[in-house]
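Shown next, in C-alpha cells, is the structure this report addresses.
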Amino acid sequence: MSVATAHRAAPHPAGADNRIVVDGTVLTWRDLPELTLAGPAAVLAHSARDALAAARHHAVHGTELLLSTASRVDPAMRDELRDAGFTVIDADADADADADADVAAGTGVAAGVEVAADSADAAAPARPRPADPGRLWLLTSGSTGRPKRVGHTLESLTTVRGHQPSRTWLCPYAPGTYAWWQVVTLSLTQPGQHLVVIEPDQLDDWPALAAAHGVDAASGTPTFWRRALHHDPAALARVPLRQLTLGGEPVDQAILDRLREVFPASRISWIYASSEVGAAIVVHDGRAGFPVDWLDRAAPGRPTLGVRDGELVVTSPYHGAGLDGPVRTGDRVQIVDDRVLITGRLDSDEINVGGSKVSAGLVRDVLTGHPQVAWARVTGRRAPLLGHMVVAEVVPTPADPSPAAGPLPALDEAALVRWCADRLPEYAVPRRIRVLTEIPVKETLKSDV
Numbered sequence: 002m003s004v005a006t007a008h009r010a011a012p013h014p015a016g017a018d019n020r021i022v023v024d025g026t027v028l029t030w031r032d033l034p035e036l037t038l039a040g041p042a043a044v045l046a047h048s049a050r051d052a053l054a055a056a057r058h059h060a061v062h063g064t065e066l067l068l069s070t071a072s073r074v075d076p077a078m079r080d081e082l083r084d085a086g087f088t089v090i091d092a093d094a095d096a097d098a099d100a101d102a103d104v105a106a107g108t109g110v111a112a113g114v115e116v117a118a119d120s121a122d123a124a125a126p127a128r129p130r131p132a133d134p135g136r137l138w139l140l141t142s143g144s145t146g147r148p149k150r151v152g153h154t155l156e157s158l159t160t161v162r163g164h165q166p167s168r169t170w171l172c173p174y175a176p177g178t179y180a181w182w183q184v185v186t187l188s189l190t191q192p193g194q195h196l197v198v199i200e201p202d203q204l205d206d207w208p209a210l211a212a213a214h215g216v217d218a219a220s221g222t223p224t225f226w227r228r229a230l231h232h233d234p235a236a237l238a239r240v241p242l243r244q245l246t247l248g249g250e251p252v253d254q255a256i257l258d259r260l261r262e263v264f265p266a267s268r269i270s271w272i273y274a275s276s277e278v279g280a281a282i283v284v285h286d287g288r289a290g291f292p293v294d295w296l297d298r299a300a301p302g303r304p305t306l307g308v309r310d311g312e313l314v315v316t317s318p319y320h321g322a323g324l325d326g327p328v329r330t331g332d333r334v335q336i337v338d339d340r341v342l343i344t345g346r347l348d349s350d351e352i353n354v355g356g357s358k359v360s361a362g363l364v365r366d367v368l369t370g371h372p373q374v375a376w377a378r379v380t381g382r383r384a385p386l387l388g389h390m391v392v393a394e395v396v397p398t399p400a401d402p403s404p405a406a407g408p409l410p411a412l413d414e415a416a417l418v419r420w421c422a423d424r425l426p427e428y429a430v431p432r433r434i435r436v437l438t439e440i441p442v443k444e445t446l447k448s449d450v
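Just so you know, we're using the working numbering here: the sequence shown kicks off at 2 and counts up by one.
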C-alpha cells in the first residue's frame, strides 16, 4: 500500500480517543491511517494494525467491507470473492510500520493520512457490482467445512450499549471474526473502552503484555484460557482482570472452576455467539450451561432459545442478513437437571458405538474433570463390529512449582481409563488415550474440541 495526503477530515467514531496497543505501540483510533477503499472491498489483513484501520474506515465511511486475515483466504476463496464483486486487497503493513512508529512518537506524518491500495495490492472484481453501503461481511470459522459469508452491519454487531465502566480489553481473536468484531465495536463506539491487541506470535506470552498495559478485561475461547493456565498460571494471575469472558467453544465446569481459583473476585461470564445468530446467550452464574427455564422464553429485543431434536435453535435480533426467524445452529445440546449444556457440533459430538450414542462433549467433560488433565479432545475412530470406538487426546496439568507441593503421579492411559469407567457407561469409556505435551490451537483460538 502507498501513502498519500488526506483530502478532507472525516468524522470520528465515539471511541476515537480510546487507547489501542498494537505490537507494543500505544496509539488511539485517531492515529490509524485513513484507508481509501472502494466498496465492495475484501481486505485481507496481515497484521492487527491493518485490520483495525479497515474497521475504523468502515465505522467512518460505511464502505461495504469483508475483513479477514490473509491466511484464512486461500486462492480459491479469493476467486470466489472476486466473482462476488469484491476488490480483494492484500493489506500489508510492512511498508508503513515505520511511519506508524513515527506517528506514535510524535515525529512522523500526522494522523489521518490516506493509505491507497495500488494495483500491486488489489485484485479487481471479476464481476463488478454496485456496493451495498453499510454492509459488513464475516467469514464463518469453517469448523464444519469451508467458511461461508454472513452479512451484518455495524449496528447488528454492536451488542453492548449504554454507559459502560472504563475497561482495558484484551483482544486475542483473529481479525474479522465475530468475536473480534464484538471487542472492536465496543472500543469504537464506547468512550473509555481501550484495547490491547494480541498478535499470533504473542499468544504464549500475552499475560506479561496484558499486565504491563493494565488489561482488566479479557475475552477468549476455552482453549485460549486453558493454554494460559497450562503455560504460566502465575503470570496469568498477575493480570489485574475484573472481567473474564469465554466463548466460541463448549464451556465446561472444569475451566470455569479453574479460572475462579485464579480470579476469585472477578466476574466470569460465558457467551454463546456465532456469525449467523450473533450474541445469543450470556451467563454470569459460574455454572456450565444455561438455566432450562430460559428455553422458549420470548422477550422483545432479545434472542429466543429452543431445542429441536437435540439441536440448539436461536431466533435472534442480532442475526446475519437473511437469517431472521428460527436458525438451527448445528450445535448439540443436552438437558442435565436444571441446565442446558452445549456439548459440541452435531456432526462431531455424537459417536455411535455399537448402536449406543455417546456425546463426545460429555466424555470430554469427564476427562477435564480429572485434576491432572488441562485439556482433552474426544473423537470416534472406526472399529470392527462396533462401527466406532471412543478415543481421546489429553494434555496434563503442569506441575506445581512451589516447594511445598509434592510431585504428581505420572498421568497414564490406564489411570484415565479407570477414572472414566467410574463415571461413564462402559460403551462411552475411551479405548485409546494419547497424552500430548501442548494444547493445540488454530488461528481462530479453537482446538476443534
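From the three backbone atoms N, C-alpha and C, an ideal C-beta is built for every residue, glycine too.
Could you check which residue in Pro192, Ser188, Trp226 has the C-alpha nearest to that of Asp206? By one-based count along the sequence shown, residue 206 stands at place 205. If we check each option's Cα against that of Asp206, Trp226 comes out closest.
Rounded to whole angstroms, what is the Cα-Cα separation between Leu210 and Pro173? Translated into positions along the sequence shown, residue 210 becomes position 209. Translated into positions along the sequence shown, residue 173 becomes position 172. Leu210 and Pro173 have their C-alpha atoms roughly 12 Å apart.
Can you tell me whether DSSP reads Ile21 as helix, strand or coil? For this step, residue 21 is matched to residue 20 along the sequence shown. In the structure shown, Ile21 adopts extended strand secondary structure according to DSSP, grouped into three states.
Sequence-distant residues of its chain with Cβ nearer than 7 Å to Ser276 (five each side left out): For the purposes of this step, residue 276 is identified with residue 275 of the sequence shown, where counting begins at 1. Excluding residues within five positions, the ones whose Cβ falls inside 7 Å are Leu139, Thr141, Val151, Tyr179, Gly321.
Report the residue from Gly381, Val44, Ala42 whose alpha carbon sits nearest the alpha carbon of Gly355. Translated into the one-based positions of the sequence shown, residue 355 becomes position 354. Ranked by Cα distance from Gly355, the options Gly381, Val44, Ala42 are led by Gly381.
Could you pull the start and end residues of the beta strand (DSSP E) that Tyr273 belongs to? Mapped onto the sequence shown, residue 273 falls at position 272. Boundaries of the beta strand (DSSP E) around Tyr273: 268-275.
His164: which of Thr190, Leu155, Ser157 sits nearest, CA to CA? As a working mapping, residue 164 is identified with position 163 in the sequence shown. If you compare the alpha carbons of Thr190, Leu155, Ser157 with that of His164, the shortest gap goes to Thr190.
Count the other C-beta atoms from every protein chain shown that fall within 10 angstroms of the C-beta of Ser357, then say buried if there are 16 or more, exposed otherwise. Position 356 of the sequence shown, counted from the start, is the residue given in the question as residue 357. Exposed is the call here.
Using the DSSP secondary-structure output, state which residues sit across from His389 in a beta bridge. Numbered from 1 along the sequence shown, position 388 holds the residue referred to as residue 389. According to DSSP, His389 bridges with Arg383.
Please report the straight-line C-alpha distance between Arg288 and Ser448, rounded to a whole angstrom. On the sequence shown, position 287 is the one that residue 288 refers to. On the sequence shown, position 447 is the one that residue 448 refers to. Those two C-alpha atoms are separated by around 22 Å.
Three-state class that DSSP yields for Gln203 in the structure shown: On the sequence shown, residue 203 is found 202 positions in, with the first residue counted as 1. In this structure, Gln203 counts as helix in the three-state DSSP scheme.
Return helix, strand or coil for Pro251, following the three-state DSSP convention. The residue given as residue 251 occupies position 250 in the sequence shown. Of the three classes helix, strand and coil, the one that applies to Pro251 here is coil, per DSSP.
Taking only three categories from DSSP, how would you classify Leu139? Within the sequence shown, numbered from 1, the residue matching residue 139 stands at position 138. In the three-state DSSP reduction, Leu139 falls in the strand class (E or B).
Helix, strand or coil at Pro12 according to DSSP, with G and I counted as helix: Here residue 12 refers to the residue found at position 11 when the sequence shown is read from its first residue. Pro12: coil per DSSP, three-state reduction.
Under a Cβ-count criterion, where at least 16 other Cβ atoms within 10 Å of its own Cβ denotes burial, should Ala10 be classed as buried or exposed? Translated into positions along the sequence shown, residue 10 becomes position 9. Reliability of the predicted coordinates at Ala10 is poor, the pLDDT of 40 falling under 50, and no value is obtained from them.
Who are Ser157's beta bridge partners in DSSP? Taking the sequence shown and counting its residues from 1, the one referred to as residue 157 is at position 156. In the DSSP output, where bridge partners are listed per residue, Ser157 has none listed.
Residue(s) in a DSSP beta bridge with Ile282: Within the sequence shown, residue 282 is the residue found at index 281, counting from 1. Answer is Tyr273.
Put His59 into one of helix, strand or coil per three-state DSSP. Here residue 59 refers to the residue found at position 58 when the sequence shown is read from its first residue. Helix.
C-alpha distance - Asn353 paired with Ser360, whole-angstrom precision: Sequence index remark: in the sequence shown, residue 353 carries index 352 (1-based). Sequence index remark: in the sequence shown, residue 360 carries index 359 (1-based). Per the coordinates, the alpha-carbon of Asn353 lies some 9 Å from the alpha-carbon of Ser360.
Report buried or exposed for Gly302, applying the criterion of at least 16 other Cβ atoms within 10 angstroms of its Cβ. Here residue 302 refers to the residue found at position 301 when the sequence shown is read from its first residue. Looking at its Cβ environment, which holds fewer than 16 other Cβ atoms inside 10 Å, Gly302 is exposed.
Distance, Pro441 Cα to Pro304 Cα: In the sequence shown, counting from the first residue as 1, residue 304 sits at position 303. In the sequence shown, counting from the first residue as 1, residue 441 sits at position 440. Rounded to the nearest angstrom, the two C-alpha atoms are 33 Å apart.
Using 8 Å as the Cβ pair cut-off and three pairs as the minimum, do the region 191-203 and the region 245-258 touch? With a cut-off of 8 Å, the region 245-258 and the region 191-203 do not count as touching, because too few Cβ pairs lie within range.
So, is Val252 buried or exposed, given that buried needs 16 or more other C-beta atoms within 10 angstroms? As a first step, residue 252 is located in the sequence shown; it is residue number 251 there, counting from the start. Buried, by the Cβ-count rule.
If contact is defined by three or more beta carbon pairs under 8 Å, each pair taking one atom from either stretch, is the region 41-48 in contact with the region 66-83? Yes: at least three Cβ pairs fall under 8 Å.
Give the straight-line distance between the Cα atoms of Val297 and Pro327, rounded to the nearest whole angstrom. Here residue 297 refers to the residue found at position 296 of the sequence shown. Here residue 327 refers to the residue found at position 326 of the sequence shown. The question names Val, yet the displayed sequence has Asp at residue 297. Rounded to whole angstroms, Asp297 to Pro327 spans 11 Å at the Cα level.
On the criterion of 16 or more Cβ atoms from any shown chain inside 10 Å, does Leu386 qualify as buried, or is it exposed? Here residue 386 refers to the residue found at position 385 when the sequence shown is read from its first residue. Around the CB of Leu386, fewer than 16 other CB atoms lie within 10 Å, so the residue is classed as exposed.
Determine the direct distance from the alpha carbon of Glu394 to that of Arg20, and round the result to whole angstroms. Against the sequence shown, residue 20 aligns to sequence position 19. Against the sequence shown, residue 394 aligns to sequence position 393. Using only the alpha carbons, I get a separation of about 41 Å.
Which stretch, first to last residue, makes up the alpha helix (DSSP H) that contains Ser349? Stepping through the sequence shown from its first residue, residue 349 is reached at position 348. Residues 347-350.
Taking Val392 and Pro426 to be in contact with their CB atoms under 8 Å, please state how far apart those CB atoms are, rounded to whole angstroms. Start at 1 with the first residue of the sequence shown, and residue 392 comes out as number 391. Start at 1 with the first residue of the sequence shown, and residue 426 comes out as number 425. Contact between Val392 and Pro426 is ruled out by a C-beta separation of about 16 Å, above the 8 Å threshold.
Taking the alpha-carbon of His195 as reference, which of Ala175, Ala219, Arg128 has the nearest alpha-carbon? Start at 1 with the first residue of the sequence shown, and residue 195 comes out as number 194. The residue with the shortest Cα to Cα distance from His195 is Ala219.
Near Asp95, which residues of its chain fall below 6 Å by C-beta distance, leaving aside the five closest residues on each side in sequence? The residue you call residue 95 lines up with position 94 of the sequence shown. Residue placement at Asp95 is flagged as unreliable, the pLDDT there being 49, under the threshold of 50; the coordinate-derived value follows with that caveat. For Asp95, there are no CB contacts under 6 Å within the same chain when 5 residues up- and downstream are skipped.
Excluding five sequence neighbours on each side, which residues of the same chain lie with their C-beta closer than 8 Å to the C-beta of Cys421? As a working note, residue 421 is residue 420 in the sequence shown. The beta carbon of Cys421 sits closer than 8 Å to those of Val364, Val367, Leu368, Ala429, Val430, Pro431, all from its chain and outside the five residues before and after it, given in chain order.
What distance in whole Å lies between the Cβ atoms of Arg259 and Phe291, which are believed to be in contact at a cut-off of 8 Å? As a first step, residue 291 must be located in the sequence shown, where it is residue number 290. As a first step, residue 259 must be located in the sequence shown, where it is residue number 258. About 20 Å separates the Cβ atoms of Phe291 and Arg259, ruling out a contact at the 8 Å cut-off.
In terms of alpha-carbon separation, which member of Ala125, His59, Asp348 lies closest to Thr186? Here residue 186 refers to the residue found at position 185 when the sequence shown is read from its first residue. Ranking the options by Cα distance to Thr186, first place goes to His59.
Given this structure, state the Cα-to-Cα distance separating Gly279 from Asp348, to the nearest angstrom. Walking along the sequence shown from the start, residue 279 turns up at place 278. Walking along the sequence shown from the start, residue 348 turns up at place 347. If you take the alpha carbons of Gly279 and Asp348, they lie about 21 Å apart.
Report the CB separation of Thr88 from Ala39 in whole angstroms; it is logged as a contact under 8 Å. Residue numbering aside, residue 88 sits at position 87 when the sequence shown is read from its first letter. Residue numbering aside, residue 39 sits at position 38 when the sequence shown is read from its first letter. Yes, Thr88 and Ala39 are in contact; Cβ-Cβ is about 6 Å, under 8 Å.
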